[in-house]
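Asker: Okay, so the sequence shown: first residue is 4 according to this note's numbering, each after it adds one.
Quick reminder that beta carbons are idealized off the backbone N, C-alpha and C, glycines included.
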Amino acid sequence: MDVSPDVMLGYQWWAQPNTYDDFNTSIRLDHNFSNNWRVFAAVGRSYALLDDNIAWPYGCYYAASCAGGATPPYFFGPTGDYDVYDYRSPGELRINDQFESILQGRVKTGPITNDVAIGTSLQRRSVNLPNPVYAYVGTENIYQPQQTFLPSTDQPGPVTLAEDTHQYALIIADHIHLPKRIDVTIGGQYDTLHDFLYPEQAVWLPQYALSYRPIPELMLYGNYSVALSLGIQAPFWATVNPSAFLAPFFTRQVEAGIKYEPGRRILLTAAIYRMRAPFFYPKVLDTQGDIDFVSDGHETHRGLELTAQGKVNNWLRLTGSTSFLDAVSSGSTTPAFNGEQVIDAPRFRTSWFADIDVPFISGLHFLPGWSYTSAKYATRNDAASVPGYNLLNFGARYTPGGEWNKVTFRLSAENVLNKLYWKDTGASYGDTFLHLGAPTTMRLAAQYTF
């Protein structure tokens, strides 16, 4: 890795800052009819008005080293070349409204107890987008001194409605407590989705669960659920459907596990799971480079997760997790992507944190931590990847005079060895990105409890 985290790609003096005008509010009312019956209602709104302005370092289309299709136009060049664009998208308006009301109660019939819930929810998402300015202004290289270019004289077009969805749901659930420490949950929601871009659909989204405690300290469980999500947005550079919102999609997940809490001091869990969702990617249609952002095939995540949390003894608490993940794309009409690990999904990850009560100094705790993340792929055909990395963190918490004092000081140091690493190889709007991890970062905070 020869690029310093201090390098600002594509910096231009004329680029205006992004501005955000956000308004978020919510209110919840609860009422208890009796010890066994209660109702709540909650309503919220999120309003975000964005002016997106940036000198955007993006892709490698105009650079000589990328000519002739040697590099996909939305990738950086192999020699460090990249294009700079004047990107302006003023007046982006995103509104999310939510309402939920649930009646909860307990009904006991002989040896069986039912915790029931019935209610409704409403959600609305509205997105208004302008026709943005996206104009090439010059080409730079990550290994060379920065250059200065002139901004574009283009002006953005009018703001229009890009997405408007209304989602109504009837929620029903029954958590049944049976004899012999057996619990069964049967429920879900009947969901009606109105989307002005796609046909209306009404679906049942189940949530089923079963648990059994052969002894009080041990629980075996399993669950199954289906979720409906609103469609994601295509990248602006897709030639077939630029910036379009795709159809809503389903995610299905099944999980089984075991929880063991010996002595009520430390909780040990082991779980296996399988999650399946659509596989989204920019599909190249022909030799001319036409691109359609599609939902094509599936990605299936199969994993094992082990966790531990609790007191080892009177002066030491541990929190740790270890996970193994096989996340593979399949069934797409692009053979090179099938059977490959999906991007930004490490096959192995573990993290451990301790809370150590320092002897002879009342109120002082040391908080060391360690994590390891294995290699992650950065392209959908697994042709490029970034190496795994270890991170060491350290912290301290001090409450003068003991835990019941009202003042607490906290010191944290993240990445104490100043490790240079790639923390992410994720995707957004069809693009794939490499993100450098932060260098050693220290924070000091004080808290006063009234």
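1) I'd like the span of the beta strand (DSSP E) that includes V419, first residue to last.
2) Beta-carbon within less than 6 Å of Y227's beta-carbon, same chain only, minus the 5 sequence neighbours each way: which residues are those?
3) Please report the straight-line C-alpha distance between K422 and P442, rounded to a whole angstrom.
4) S92: buried (16+ other C-beta within 10 angstroms of its C-beta) or exposed?
5) Could you tell me whether the Cβ atoms of F248 and S232 are closer together than 8 Å?
6) Apart from the five residues on each side of it in sequence, which residues of its chain come closer than 7 Å, Cβ to Cβ, to S335?
7) Taking G433 as the reference, give the member of G62, W17, Q19 with the closest Cα.
8) What does the alpha-carbon distance come out to for the pair R352 and A378?
9) Quick check: I174 and Q149, are their CB atoms within less than 8 Å of each other?
10) Closer than 6 Å by C-beta to I380: which residues in its own chain qualify, once you throw out the five before and the five after it? Chain order, please.
11) For A348, which residues does DSSP report across the bridge?
12) Between the Cα of P154 and the Cα atoms of Y139, P362, D86, which residue gives the shortest distance?
13) Span of the beta strand (DSSP E) holding E264?
14) Any chance you could list the alpha helix (DSSP H) runs of at least 4 consecutive residues sitting entirely within the region 125–200, in chain order?
15) Among all the DSSP beta bridges, which residues are the ones paired with A455?
16) Taking the continuous beta strand (DSSP E) assigned at L53, which residues delimit it?
17) Answer with buried or exposed for P285, where buried requires no fewer than 16 other C-beta atoms within 10 angstroms of its C-beta.
18) Report, in whole angstroms, the separation of the C-beta atoms of D194 and A205, which I expect to be a contact under 8 Å.
19) CA-CA distance, T337 and D293?
20) Three Cβ pairs or more, each shorter than 8 Å: is that satisfied between the region 36–51 and the region 259–266?
Answerer: Let me spell this out:
1) Here residue 419 refers to the residue found at position 416 of the sequence shown. Per DSSP, V419 belongs to no beta strand (DSSP E) and is neither H nor E.
2) Stepping through the sequence shown from its first residue, residue 227 is reached at position 224. So the list reads Y211, V257, once near-sequence residues are dropped.
3) Residue numbering aside, residue 422 sits at position 419 when the sequence shown is read from its first letter. Residue numbering aside, residue 442 sits at position 439 when the sequence shown is read from its first letter. Going by the C-alpha atoms only, they are around 7 Å apart.
4) Translated into positions along the sequence shown, residue 92 becomes position 89. It is buried - the Cβ of S92 has at least 16 other Cβ atoms within 10 Å.
5) As a position in the sequence shown, residue 248 is number 245, starting the count at 1. As a position in the sequence shown, residue 232 is number 229, starting the count at 1. Not a contact, by the Cβ cut-off of 8 Å.
6) As a first step, residue 335 is located in the sequence shown; it is residue number 332 there, counting from the start. Here the set comprises F282, D299, G300, N341.
7) Sequence index remark: in the sequence shown, residue 433 carries index 430 (1-based). Comparing Cα positions, the closest option is G62.
8) Here residue 352 refers to the residue found at position 349 when the sequence shown is read from its first residue. Here residue 378 refers to the residue found at position 375 when the sequence shown is read from its first residue. Using only the alpha carbons, I get a separation of about 10 Å.
9) Residue numbering aside, residue 174 sits at position 171 when the sequence shown is read from its first letter. Residue numbering aside, residue 149 sits at position 146 when the sequence shown is read from its first letter. No, the pair does not count as a contact, with Cβ atoms beyond the cut-off.
10) Walking along the sequence shown from the start, residue 380 turns up at place 377. What sits at residue 380 in the sequence shown is Tyr, not Ile. Around Y380: Q344, I346, S388.
11) What you label residue 348 is simply residue 345 of the sequence shown in a count that begins at 1. Note: A348 sits in no beta bridge, so no partner.
12) Along the sequence shown, one-based indexing puts residue 154 at 151. With distances taken between Cα atoms, P154 lies closest to Y139.
13) Along the sequence shown, one-based indexing puts residue 264 at 261. Premise fails: E264 is in no beta strand (DSSP E) and is neither H nor E.
14) none
15) Outside the shown range of the chain, which is 4 to 453, sits residue 455, and nothing can be said about it.
16) As a position in the sequence shown, residue 53 is number 50, starting the count at 1. From DSSP, the beta strand (DSSP E) with L53 extends over 40–60.
17) Residue 285 sits at position 282 when you count from the first residue of the sequence shown. Per the 10 Å Cβ criterion, buried.
18) Here residue 194 is taken as the residue at index 191 of the sequence shown, counted from 1. Here residue 205 is taken as the residue at index 202 of the sequence shown, counted from 1. At roughly 7 Å, the Cβ-Cβ gap stays under 8 Å, so D194 and A205 are in contact.
19) As a position in the sequence shown, residue 337 is number 334, starting the count at 1. As a position in the sequence shown, residue 293 is number 290, starting the count at 1. Taking the straight line joining both Cα atoms gives about 14 Å.
20) no
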